[in-house]
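Asker: There's a structure below that I have some questions on.
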Amino acid sequence: MINRLSTLYELQLIDDELDTLQELRGDLPLEVNDLNFQIQSIKESIEEKEKEKNEALKTIKSNENEIERLNTGLKKFKSQLYQVRNNKEYDALTKEIDHSEEKIAAFQLENEELENKVQSLKSEIEEVSPQLEELLEEVKVKEEELKTIIKANEREETKLRAKRETVAEKVRKADYNTYTRIRKALGGRAVVTINRGACTGCHNVVPPQRQIEVRGNKRLFTCESCGRLLVSPNIAAEVKTTV
Ligand SMILES: [Zn+2]
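This note's numbering puts the first residue of the sequence shown at 10, with every later residue one more than the last.
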């Protein structure tokens, strides 16, 4: 039983140290994430606008080809006007001419609208580009900062992680699950001890009877106030000297 309690406490001490290392990183990981998210969405919006712009340019080009083709036909029809032999032929030709001119006008109008669209897309892209540059610069600085912090403690962290793995293997599966659950719910500390009659997790008084039971090291007890696992001061002191 003592072993069961002390390995749990040992795991907690290692996690405390790992938590301290994480805290050194401060808000940097979150900030980097947030910046990358912003950068991603700006990039996506630029990509979308570029795509829209290129599609508009493609349509403009094909409309221009159509206009050219219609103009060639128009020239032909107009020259044929001089060779008509009757009204019926004349009417048919003028109809073709009108029709072609209408189509040309429609394509020209569409192209004007598309040119406007291309221009406004271009300026929208140009507008966000400096913002993107700024964010990229900012994230670069923060990532460097974070890297420096991580690198400074890399060796210690690797050592702690290896140690944690060894200790975690010795913890019973059920205890490990309880430990993880409490740690998640209460943020960090899952195994605590008693100091001057109070739980070191929540600082509430542990009833004398419970204190005696905890000191007996016969069972896994939890603090009635915060729900954290309690180990006796003896075990805590002993583990501290070995860690
Ligand atoms: Zn407590």
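Don't be surprised by glycine CBs; every beta carbon is placed ideally from N, CA and C.
For Leu-20, count the other beta carbons within 10 Å of its own beta carbon; 16 or more makes it buried, fewer makes it exposed. Which is it?
Answerer: By the neighbour-count rule (16 or more Cβ atoms within 10 Å), Leu-20 is buried.
Asker: According to the neighbour-count rule (16 or more other Cβ atoms, all chains shown, within 10 Å of its Cβ), is Tyr-18 buried or exposed?
Answerer: It is buried - the Cβ of Tyr-18 has at least 16 other Cβ atoms within 10 Å.
Asker: Would you list the residues whose beta-carbon is nearer than 7 Å to any heavy atom of ligand 1, in the order they occur in the chain?
Answerer: For ligand 1, the selected residues are Val-201, Cys-208, Gly-210, Cys-211, Asn-213, Cys-232, Ser-234, Cys-235 and Arg-237.
Asker: Put Thr-231 into one of helix, strand or coil per three-state DSSP.
Answerer: Thr-231: strand per DSSP, three-state reduction.
Asker: Hey, how far is the Cα of Glu-147 from the Cα of Lys-62?
Answerer: Cα-Cα distance, rounded: 29 Å.
Asker: Apart from the five residues on each side of it in sequence, which residues of its chain come closer than 7 Å, Cβ to Cβ, to Leu-66?
Answerer: Excluding residues within five positions, the ones whose Cβ falls inside 7 Å are Val-127.
Asker: Going by beta-carbon coordinates alone, are Cys-235 and Gly-210 separated by less than 8 Å?
Answerer: For Cys-235 and Gly-210, yes; Cβs fall inside 8 Å.
Asker: What is the residue span of the alpha helix (DSSP H) that His-108 lies within?
Answerer: Residues 96-161.
Asker: Given a cut-off of 8 Å on the beta-carbon distance, is the pair Val-240 and Leu-27 in contact?
Answerer: No, Cβ-Cβ distance for Val-240 and Leu-27 is not below 8 Å.
Asker: Figure out for me which residue from Asn-72, Leu-238 and Leu-102 has the closest Cα to the Cα of Tyr-91.
Answerer: Per the Cα distances, Leu-102.
Asker: Output needed for Thr-68: all residues of its chain with C-beta closer than 7 Å, excluding positions within five of it in sequence on either side, in chain order.
Answerer: Only Leu-123 meet the Cβ criterion.
Asker: Which two residues bound the contiguous alpha helix (DSSP H) that contains Leu-17?
Answerer: Element bounds for Leu-17: 11-33.
Asker: So, is Ser-71 buried or exposed, given that buried needs 16 or more other C-beta atoms within 10 angstroms?
Answerer: By the 10 Å Cβ count, Ser-71 comes out exposed.
Asker: In whole angstroms, what separates the C-alpha of Asn-243 from that of Asp-36?
Answerer: Rounded to the nearest angstrom, the two C-alpha atoms are 37 Å apart.
Asker: Tell me which residue opens and which closes the alpha helix (DSSP H) that Val-223 is part of.
Answerer: Its alpha helix (DSSP H) spans residues 217-224.
Asker: Quickly, what does DSSP pair Val-252 with across the bridge? List them, please.
Answerer: According to DSSP, which records beta bridges pairwise, Val-252 is partnered with nothing at all.
Asker: Determine the closest residue to Lys-52 out of Ile-76, Glu-174, Lys-84 and Gln-140, with distance taken between C-alpha atoms.
Answerer: If we check each option's Cα against that of Lys-52, Gln-140 comes out closest.
Asker: Which residues does DSSP pair with Ile-203 in a beta bridge?
Answerer: For Ile-203, which the question treats as bridged, DSSP gives the partners Cys-208.
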